[in-house]
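Asker: Just dropping this structure here.
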Amino acid sequence: MDQRQRQRREQVRWRAAGLFAAGVTAPQVAVILEVSTKSAYQWRRSWVAGGTAGLASKGAPGPQPVLSDAQLLRLGQRLAAGPAAAGYGDDQRWTLVRVVAVIAGLFHLRVSVSTAWQVMRRLGYTVQLPVHRAIERDEDAIASWRRYQWPALKESPPAAVRGSVSLTSAGRR
Numbered sequence: 001m002d003q004r005q006r007q008r009r010e011q012v013r014w015r016a017a018g019l020f021a022a023g024v025t026a027p028q029v030a031v032i033l034e035v036s037t038k039s040a041y042q043w044r045r046s047w048v049a050g051g052t053a054g055l056a057s058k059g060a061p062g063p064q065p066v067l068s069d070a071q072l073l074r075l076g077q078r079l080a081a082g083p084a085a086a087g088y089g090d091d092q093r094w095t096l097v098r099v100v101a102v103i104a105g106l107f108h109l110r111v112s113v114s115t116a117w118q119v120m121r122r123l124g125y126t127v128q129l130p131v132h133r134a135i136e137r138d139e140d141a142i143a144s145w146r147r148y149q150w151p152a153l154k155e156s157p158p159a160a161v162r163g164s165v166s167l168t169s170a171g172r173r
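Numbering of the sequence shown is given in UniProt numbering, commencing with residue 1 and proceeding in unit increments.
Here it is as structure tokens:
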């Protein structure tokens, strides 16, 4: 549910508060506002306990974002300037490790790589895959590795003897 939907539902609850203040019963409020009777009774309890403020939206569920909207805007501007502007002259790609470093430098926050990925998604960035293979790619070395080293690596480990972790198993007596 987005912010607009939460506000719309909050306005319905505030209308219910006005009706409760006018002496309308919960079942009547449910009919007027086209909501369930259960919701109307819950709203009435919240209204009696906390007034109109008791019917206010609690906000989005889940944890709050690591970066505020203002910080996100500032980070977006820094990333739009490119990696060279942030001191990465050798390669003009934003990696998650670099984004973590930029966030740490700008906001003095330590974030994980997965958090940096979530921030990048909020900014509208996507994973970019190269269109062409690297010029430096050595097909002979790759073929040799696949032929000689990969088979040794993919061999299955020796079969282990099944054991028991039960303290009452026959093997422990």
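Glycine is no exception: its CB is placed at the ideal position from the N, C-alpha and C atoms.
Can you round the beta-carbon distance between R13 and L55 to whole angstroms, since I take them to be within the 8 Å contact cut?
Answerer: 4 Å
Asker: What residue from V99, M120, A60 and R15 has the CA that sits closest to D2's CA?
Answerer: A60
Asker: I'd like to check one pair, R6 with S57: are the Cβ atoms closer than 9 Å?
Answerer: yes
Asker: Suppose you measure from the CA of S112 to the CA of V100; what does that come to, to the nearest Å?
Answerer: In a straight line, the C-alpha of S112 is about 7 Å away from that of V100.
Asker: Between the segment 117-124 and the segment 71-88, can you find at least three pairs of beta-carbon atoms closer than 8 Å?
Answerer: yes
Asker: The alpha helix (DSSP H) that contains T37, what's its start and end?
Answerer: T37 to G50
Asker: Taking the beta carbon of R40 as the centre, do at least 16 other beta carbons fall within 10 Å, making it buried, or is it exposed?
Answerer: According to the sequence displayed, residue 40 carries Ala and not Arg. Flag for A40 reads buried.
Asker: So what does DSSP say about E136, is it helix, strand or coil?
Answerer: coil
Asker: Whole angstroms are fine: how far does the CA of A70 sit from the CA of R110?
Answerer: 18 Å
Asker: What would DSSP say about P63, mapped onto helix, strand or coil?
Answerer: coil
Asker: Could you say which of Q149, R98 and L19 lies nearest to A116 if we only look at CA atoms?
Answerer: R98
Asker: Is DSSP giving P151 helix, strand or coil here?
Answerer: The three-state secondary structure of P151, taken from DSSP, is helix.
Asker: Tell me which residue opens and which closes the alpha helix (DSSP H) that T115 is part of.
Answerer: Going by DSSP, T115 is part of the alpha helix (DSSP H) stretching over V113 to R122.
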